[in-house]
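Visitor: Read the sequence shown against this note's numbering and you will find it ends at 294, with the numbers running on by one and no gaps.
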Amino acid sequence: MIRQYPFQGEYFTLSSGHKLHYLHEGDRNKESVIFLLHGNPTWSFFYRRLIPMLMRKHRVVAVDNLGMGLSDKPRATDYAYTLENHIQNLCELKNFLQVKRFSLVMHDWGGAIGMGMARLYPKEVERLVVMNSAAFRSLDIPWRIMLGKMPLLGRFLISNLNLFAKGALVMAMKRPPSPEVVKGFLYPYEGDKSNRDAIYAFVQDIPLTKKHPSYQTLLEIEKSLALFAGKSIPKLFLWGGRDFCFHQGFLKRWQQIWPGPKCIVYEKAGHYLLEDAYPRVQREIYDFFSC
Numbered sequence: 004m005i006r007q008y009p010f011q012g013e014y015f016t017l018s019s020g021h022k023l024h025y026l027h028e029g030d031r032n033k034e035s036v037i038f039l040l041h042g043n044p045t046w047s048f049f050y051r052r053l054i055p056m057l058m059r060k061h062r063v064v065a066v067d068n069l070g071m072g073l074s075d076k077p078r079a080t081d082y083a084y085t086l087e088n089h090i091q092n093l094c095e096l097k098n099f100l101q102v103k104r105f106s107l108v109m110h111d112w113g114g115a116i117g118m119g120m121a122r123l124y125p126k127e128v129e130r131l132v133v134m135n136s137a138a139f140r141s142l143d144i145p146w147r148i149m150l151g152k153m154p155l156l157g158r159f160l161i162s163n164l165n166l167f168a169k170g171a172l173v174m175a176m177k178r179p180p181s182p183e184v185v186k187g188f189l190y191p192y193e194g195d196k197s198n199r200d201a202i203y204a205f206v207q208d209i210p211l212t213k214k215h216p217s218y219q220t221l222l223e224i225e226k227s228l229a230l231f232a233g234k235s236i237p238k239l240f241l242w243g244g245r246d247f248c249f250h251q252g253f254l255k256r257w258q259q260i261w262p263g264p265k266c267i268v269y270e271k272a273g274h275y276l277l278e279d280a281y282p283r284v285q286r287e288i289y290d291f292f293s294c
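1) Does the beta-carbon distance from residue 234 to residue 263 come in below 9 Å?
2) Where does residue 116 fall in DSSP's three states?
3) Between the beta-carbon of residue 142 and the beta-carbon of residue 211, is there less than 9 Å?
4) Looking at the unbroken alpha helix (DSSP H) that takes in residue 226, where does it start and where does it end?
5) With DSSP collapsed to three states, give me the class of residue 247.
6) Return yes when the Cβ of residue 175 is within less than 9 Å of the Cβ of residue 20, no when it is not.
7) Measure the alpha-carbon distance for residue 237 versus residue 260 and round it to whole angstroms.
8) Just checking, does the segment 190-206 make contact with the segment 76-83 on the three C-beta pairs under 8 Å criterion?
9) Assign residue 248 to one of two classes, buried (16 or more other C-beta atoms within 10 Å of its C-beta) or exposed (fewer than that).
10) Taking residue 294 as part of the beta strand (DSSP E), name the residues at either end of that continuous run.
11) Within 10 angstroms of the Cβ of residue 208, are there 16 or more other Cβ atoms? Answer buried if so, exposed if not.
12) State the CB to CB distance for the pair residue 72 and residue 46, rounded to an integer number of angstroms; the pair is presumed to be in contact (CB under 8 Å).
13) For the segment 184-198 against the segment 164-171, are there 3 or more C-beta pairs whose distance is under 8 Å?
14) Are residue 66 and residue 37 close, meaning C-beta to C-beta below 9 Å?
15) Starting from residue 167, trace the alpha helix (DSSP H) in both directions and tell me its first and last residue.
16) So for residue 49, helix, strand or coil by DSSP?
17) Just curious, the alpha helix (DSSP H) that residue 98 is in, first and last residue?
18) What do you get for residue 98, buried or exposed, if any count of 16 or more other CB atoms within 10 angstroms of its CB means buried?
19) Quick one: grab the DSSP three-state call for residue 64.
20) When burial is assigned at 16 or more other CB atoms within 10 Å of the CB, is residue 223 buried or exposed?
21) Under a Cβ-count criterion, where at least 16 other Cβ atoms within 10 Å of its own Cβ denotes burial, should residue 173 be classed as buried or exposed?
22) Given that a residue counts as buried once 16 or more other Cβ atoms are within 10 Å of its Cβ, and exposed if not, what is residue 303?
23) On the three-state DSSP scale, how would you describe residue 197?
24) Round the Cβ separation of residue 228 and residue 118 to the nearest angstrom and send it over; I've been treating them as touching at under 8 Å.
25) Could you tell me which residues DSSP puts in a beta bridge with residue 238?
26) For residue 134, would you say it is in contact with chain D, using Cβ-to-Cβ distances shorter than 9 Å as the test?
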C-alpha cells in the first residue's frame with residue numbers, strides 16, 4: 004500500500020457503529036499508553052517515523068480520527084463530525100483498550116481532542132507533548148482556512164478539488180516532500196469526494212461564535228487546562244516556527260497557561276514539523292519519554 008507505512012492496523016467498532024482505525028505497537032502488557040493524535044488533514048501516517056522509536060520501550064497507540072486516514076468515512080449527512088464526538092470516539096477506544104494511565108502527543112486538532120479526553124480523566128494523565136496546536140478559543144484564523152469555512156466555495160475547494168489536503172503539502176512543509184511522502188499523506192483522501200467529508204467538517208467545526216455547536220466544548224476544555232499546570236505532569240512544547248496557521252502566538256498562549264515546560268522552536272520548520280525537522284523532533288520526543 005504505502006512503503007513508508009509498514010504497520011498492521013486494527014479496527015474498533017464505536018458505539019455509533021462506525022469503525023475506528025488505529026495502530027497498536029510496542030509492549031501491550033504495559034499499563035501506560037502513549038496516544039499519538041493527529042489533526043486535519045493528516046492521519047497516523049504523520050507519526051510513521053516516531054512510532055518505531057517509541058515502541059522500543061513504550062506501548063503506543065496512533066489513532067485515525069473518524070473520517071480520516073483508514074477509519075470509516077461516514078457521510079457528513081449521516082454523522083456529526085464535531086469536536087465532542089471526536090473526543091467521545093477517543094475515549095471509547097481508550098476504554099476498549101483498558102488504558103488506565105496515558106500520555107498524549109498532540110498536533111493540530113489533536114490538541115483539542117486530546118485535552119478533551121484528558122479533561123475527563125485528569126488523574127490518569129502522565130505526560131503531555133504539544134506541537135503546533137490549540138486547545139483554547141481563538142479568532143486568529145488564516146484567510147486560507149477561512150476560505151474553507153465558506154459554505155459553497157469551501158465545499159468545492161475541499162471536497163471537489165481536494166485542495167485542503169493537497170495545499171497542506173505546500174503550505175505546511177518548508178522542505179519539498181518526496182513523491183512517496185505526498186502519496187502517503189493523500190492516500191486516504193483520493194478518489195470519491197466523500198472521502199473528504201471529514202476534512203471539510205473539521206474546518207466547519209472551528210468555533211468562532213458562542214452559537215457554534217463546538218464552542219461550549221472547546222470552552223470547557225480551555226477551562227480545564229489549568230488542571231494540568233505545574234510540575235507534577237511533565238510537559239514539552241515543540242513548535243514549527245514557520246507555521247502559517249498555528250504561529251508562535253499560539254505557543255505563547257500555551258506558555259501562559261502552562262509556564263515552565265521545556266520549549267523548542269524549530270525556526271525553519273512549518274506546520275508539519277515532524278517532516279521539516281526530522282529526525283530532531285522525533286528524538287526530542289523519544290528522549291522526553293525516556294527520562
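Don't be surprised by glycine CBs; every beta carbon is placed ideally from N, CA and C.
Guide: Looking at the atomic coordinates:
1) With a cutoff of 9 Å on beta-carbon distance, residue 234 and residue 263 are scored as near each other.
2) Three-state DSSP puts residue 116 in a helix.
3) Their beta carbons are under 9 Å apart, which means residue 142 touches residue 211 by this criterion.
4) From DSSP, the alpha helix (DSSP H) with residue 226 extends over 218-227.
5) Looking at residue 247 - three-state DSSP - the assignment turns out to be coil, as it is neither helix nor strand.
6) Here residue 20 is not near residue 175, since their CB atoms are 9 Å or more apart.
7) Across the structure, residue 237 and residue 260 are spaced so that their CA atoms are roughly 14 Å apart.
8) Contact holds: three or more Cβ-Cβ distances are below 8 Å.
9) Looking at its Cβ environment, which holds 16 or more other Cβ atoms inside 10 Å, residue 248 is buried.
10) Taken as a continuous stretch (DSSP letters only), residue 294 belongs to no beta strand (DSSP E), as it is neither H nor E.
11) Residue burial is scored here from C-beta neighbours: residue 208 has at least 16 other C-beta atoms within 10 angstroms and is therefore classed as buried.
12) For a cut-off of 8 Å, the C-beta gap from residue 72 to residue 46 is around 3 Å, short enough to register as a contact.
13) Of all C-beta pairs linking the segment 184-198 to the segment 164-171, three or more are shorter than 8 Å, placing the two stretches in contact.
14) Taking the C-beta atoms as reference points, residue 37 is found no nearer than 9 Å to residue 66.
15) Bounds of the alpha helix (DSSP H) holding residue 167 are 166-174.
16) DSSP places residue 49 in the helix class (H, G or I) of the three-state scheme.
17) Looking at the DSSP string, the run of the alpha helix (DSSP H) that includes residue 98 is 86-99.
18) By the neighbour-count rule (16 or more Cβ atoms within 10 Å), residue 98 is not buried but exposed.
19) In the structure shown, residue 64 sits in a strand (DSSP, three-state: E or B).
20) So residue 223 counts as exposed.
21) So residue 173 counts as exposed.
22) Residue 303 cannot be examined here, being either before or after the span of the chain that is shown, 4 to 294.
23) The answer is helix: DSSP assigns residue 197 an H, G or I state.
24) The Cβ separation is near 7 Å, so the contact holds.
25) According to DSSP, residue 238 shares a beta bridge with 131.
26) Of the chains in the structure shown, none is chain D; there is only one protein chain.
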